[in-house]
Amino acid sequence: MKLTVSVLHNAIEYFHLNFQQKHQYGSSCFGMSMEPSLKAHLEEEWFGLERLRQSFDAIRASPLYKRTPVLADCADVLGLDAGVCLNLKMESMQTSGSYKLRGVIWQMERYRALFNPPGRLQGMVTMSAGNYGIALATYCKHYNIPCHVIVPDECPPKKCTRMVDLCASVEVAQSSQAADTIDRLQAQNWTFMHPFDDLNLVCGYGTIMMELVDSVGQPDVVVVPAGPVAGGGLLCGMALAARLMELPTKVFGVDVVPESRRRDSLPGGEMRGLPEKYIGDNAFRIGFDCVDGMVTVNERDVLDASNCLLQMGVVLEPYAASTVAALLSGKLAVEAGQKVVSIVSSRDVDL
2 MKLTVSVLHN AIEYFHLNFQ QKHQYGSSCF GMSMEPSLKA HLEEEWFGLE
52 RLRQSFDAIR ASPLYKRTPV LADCADVLGL DAGVCLNLKM ESMQTSGSYK
102 LRGVIWQMER YRALFNPPGR LQGMVTMSAG NYGIALATYC KHYNIPCHVI
152 VPDECPPKKC TRMVDLCASV EVAQSSQAAD TIDRLQAQNW TFMHPFDDLN
202 LVCGYGTIMM ELVDSVGQPD VVVVPAGPVA GGGLLCGMAL AARLMELPTK
252 VFGVDVVPES RRRDSLPGGE MRGLPEKYIG DNAFRIGFDC VDGMVTVNER
302 DVLDASNCLL QMGVVLEPYA ASTVAALLSG KLAVEAGQKV VSIVSSRDVD
352 L
């Protein structure tokens, strides 16, 4: 199967939306049948600057983490207007191939520290169309924890293979079957890890902002992918981190939509550029007010940007080029003299 933006949209829209219709887990960060103490803990505490710093320390201390590079001064080579200082934050070069490993490290460390009794974990189960499942499998393999990932029919074969190579068991299932599998494994003391609506994930993703400031100084604008495979956690985490750090940095999200579904951009009272079914309740509740705007790009914009990046030697999945697409297409206007950072989120492609 050829990996396209449409395939990714269809996979996530079908899988996550229908799954939520069967299991109404609301704002629960780890999914169904959650321990009441865990839900209360997360709902009461949220996270602040100190927790963000703790997560950054824990992530950097992990043997799985890589400090991802920043490609500086990319405006000219990409054909962007002169005078803009464009930097690419290459989260695509993270150990698991995407930014999601940061969130998984903190998600798992918090879970193991707060709620797991001494001894080996029984196993972790999740649902994913690719990158989160790969990140969780990467963590579980390193710590010898059983991992089961339920994927939709449309999951790119290469991503399924990656998870299997990481010793995860992979099950292709319809949404109703996924819910039944999770119920069965939870009855056997496996733990469901939510792939996007978990405050620990949001916090882990926010550490990218801290690393950016350490690498390039204070950006004027940060452009973040926020479409069907991101769940809103990356955008909201980075926007919230910018506010907690008291940065004047503007944080914009980019959604990829087919031309027939084009929507106007934020601001306004509604996040029209990010469909509600794609964003986790917790990410929305804590991060929406921190986001400065949303823009939408179409598939042609994304493929054009992917080709420009390919000419630079940067190979990634099409969706990950959405932030560069927003800039090259002019749908997100930036000014000469501004320091702009575009988050390149993931690299996996079905070649």
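First residue of the sequence shown? That's 2 in the working numbering, and the numbers climb one at a time after it.
Ideal placement from N, C-alpha and C gives every residue a C-beta, glycine not left out.
Taking only the alpha-carbon atoms, compute the straight-line gap between residue i and residue j and give it to the nearest angstrom.
| i | j | result |
| --- | --- | --- |
| glycine 338 | valine 85 | 5 Å |
| arginine 68 | glutamate 110 | 19 Å |
| lysine 159 | aspartate 77 | 33 Å |
| alanine 334 | aspartate 198 | 30 Å |
| glutamine 189 | glycine 104 | 25 Å |
| isoleucine 287 | arginine 52 | 14 Å |
| methionine 35 | serine 216 | Its pLDDT being 36, under 50, methionine 35 is placed unreliably in this model, and the value from its coordinates should be taken loosely. Cα to Cα, the separation comes out at about 38 Å. |
| threonine 192 | glycine 80 | 47 Å |
| glycine 218 | isoleucine 60 | 20 Å |
| glutamine 123 | leucine 245 | 36 Å |
| cysteine 75 | proline 220 | 15 Å |
| methionine 353 | valine 303 | No answer is possible for residue 353: the residues shown for the chain start at 2 and end at 352. |
| leucine 236 | proline 249 | 16 Å |
| proline 70 | leucine 317 | 15 Å |
| phenylalanine 57 | proline 196 | 20 Å |
| methionine 164 | serine 170 | 8 Å |
| aspartate 82 | asparagine 132 | 33 Å |
| glutamate 247 | cysteine 168 | 42 Å |
| glutamate 172 | glutamate 336 | 48 Å |
| serine 347 | leucine 115 | 30 Å |
| leucine 329 | proline 319 | 15 Å |
| lysine 40 | asparagine 308 | The pLDDT assigned to lysine 40 is 44, lower than 50, so where the model puts this residue is not dependable, and the model offers no usable value. |
| leucine 65 | glutamate 300 | 33 Å |
| arginine 54 | methionine 210 | 11 Å |
| alanine 306 | glycine 233 | 22 Å |
| methionine 313 | glutamine 178 | 43 Å |
| cysteine 141 | leucine 50 | 28 Å |
| proline 147 | serine 93 | 25 Å |
| threonine 162 | aspartate 154 | 14 Å |
| histidine 143 | arginine 113 | 15 Å |
| isoleucine 183 | serine 176 | 11 Å |
| proline 37 | leucine 72 | The predicted model places proline 37 with a pLDDT of 47, which falls under 50 and marks its position as unreliable; any figure quoted below should be read in that light. Their backbone Cα atoms lie some 44 Å apart in a straight line. |
| leucine 311 | aspartate 282 | 35 Å |
| lysine 90 | valine 225 | 10 Å |
| aspartate 166 | valine 315 | 24 Å |
Taking the beta strand (DSSP E) that residue i belongs to, which residues open and close that run?
| i | result |
| --- | --- |
| phenylalanine 285 | Run containing phenylalanine 285: none in the beta strand (DSSP E); it sits in the alpha helix (DSSP H), 282-288. |
| valine 345 | 340-345 |
| leucine 89 | 86-91 |
| serine 170 | 170-173 |
| phenylalanine 253 | 251-257 |
| valine 325 | Note, valine 325: premise wrong, no beta strand (DSSP E); alpha helix (DSSP H) at 323-329. |
| valine 223 | 222-226 |
Would residue i and residue j qualify as a contact pair, given that the criterion is a beta-carbon distance under 8 Å?
| i | j | result |
| --- | --- | --- |
| alanine 238 | isoleucine 106 | According to the sequence displayed, residue 238 carries glycine and not alanine. The answer is no: Cβ separation not under 8 Å. |
| isoleucine 135 | glycine 98 | yes |
| cysteine 291 | alanine 240 | yes |
| asparagine 88 | valine 342 | yes |
| lysine 332 | valine 296 | yes |
| alanine 284 | valine 222 | no |
| phenylalanine 48 | leucine 200 | yes |
| alanine 138 | cysteine 156 | no |
| methionine 194 | threonine 96 | no |
| glycine 368 | alanine 242 | The chain is shown only over 2 to 352; residue 368 falls outside these bounds and no answer can be derived. |
| leucine 186 | histidine 149 | yes |
Ends of the alpha helix (DSSP H) at residue i?
| i | result |
| --- | --- |
| aspartate 305 | 300-312 |
| valine 214 | 200-217 |
| valine 292 | Segment: none, valine 292 is in no alpha helix (DSSP H) and carries neither H nor E. |
| serine 177 | 176-188 |
| aspartate 74 | Where aspartate 74 is concerned, there is no enclosing alpha helix (DSSP H), given that its DSSP letter is neither H nor E. |
| methionine 353 | The structure shown does not extend to residue 353, since the chain is modelled only from 2 to 352, so the question has no answer here. |
| alanine 334 | Run containing alanine 334: none; DSSP gives neither H nor E here. |
| serine 63 | Per DSSP, serine 63 belongs to no alpha helix (DSSP H) and is neither H nor E. |
Pairing CB atoms from the segment 246-255 with CB atoms from the segment 317-330, are three or more of them under 8 Å?
With the cut-off at 8 Å, the segment 246-255 and the segment 317-330 touch.
At which residue ranges does the segment 94-165 contain complete beta strand (DSSP E) runs of 3 or more residues, listed in the order of the chain?
Correct list: 125-128 and 148-152.
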